[in-house]
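Residue 238 in our numbering sits at position 235 of the sequence shown; the count goes up by one each step and never skips. The C-beta atom is built at its ideal place from N, Cα and C for all residues, glycine as well. One structure is given below, encoded as structure tokens.
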Amino acid sequence: TYVLPVMDPNLKKTCVKSTKDVRIIPASKEVEEIMAAGHEHLLKSLWAISNDPFTLMKIFGNMTKASLLICEHLVNDKKFLDDMASEKFDILIAEPFVLCPFALAEHLKIPVTIATLSIMQSEIVSDIIGEPVLPSFVPGSISVSKSNMNFFERFKNTLSIIGFSYHFLSSWSTETGIIEEAFGKDFRSYREYMADVSYVFTNAHPYLSYPRPLNRKTLELGGIVVDQSLQDKSNLKVPHC
């Protein structure tokens, strides 16, 4: 089952092929207004704009506001919660930029969780699962630097990591309040949920990405969408669904 809360209504395709049970949660009017005010075709353009930390932080701010509204809707939707509980899922896979899916997993008594990242790494998640964060030679997730940095680039890389982490720590605090209001105060913190995930899937490649210290919990799956049956591998492209 693929639960898809819609954030950007301009994106029409789910790109899901193997999963037949797709539950699409339409975007509310408030979410649509936030996304429209933030950036035209925001999520589609996110991968093509200049990877400047300050530009990205502004965009992430709008996405976070929308995520909080989506979370508030989901945790208070009794029909949705009852439908999900009746399925008796064994495992939940979700992106760890938000707390909501992992709190939902606990509420629905889903025993196993996996965090999956659409980027190469999340410094907060790395820190929680025991992987060192080394801004002196490992570029941050929203950094424009390469691994061979001068002093100023290291300083800027450090600031981008701190800023990115602070942004999400602040949003998780608000999200915790939303979850506790709906489910009660017995739910754990983000750090506790992330420490309990079985694996962290990342959009990194062991041979192409910058080297960084990993433990056995992290699996680099970058390139998994490439069609291995192609004879000519000199011009590989990610299919557009």
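Shown here, F100 sits in coil according to DSSP, grouped into three states, outside any helix or strand. The Cβ-Cβ distance between I28 and A69 does not fall below 9 Å. Pairing E178 with L84 gives a Cβ-Cβ distance that is not under 9 Å. In this structure, the alpha-carbon of K91 lies about 43 Å from that of T161. In the three-state reduction of the DSSP assignment, E223 falls in the strand class.
For Y196, the enclosing alpha helix (DSSP H) covers residues 193-198.
Going by C-alpha positions, E195 is about 24 Å away from L224. A Cβ-Cβ distance of about 7 Å is found for the pair M66 and M10, placing them in contact under the 8 Å criterion.
Counting along the chain, V115 sits inside the beta strand (DSSP E) bounded by residues 115-119. Only residues of its own chain outside the window of five on either side were considered, and among them E223, G225, G226 have a CB closer than 7 Å to the CB of H208, listed in chain order.
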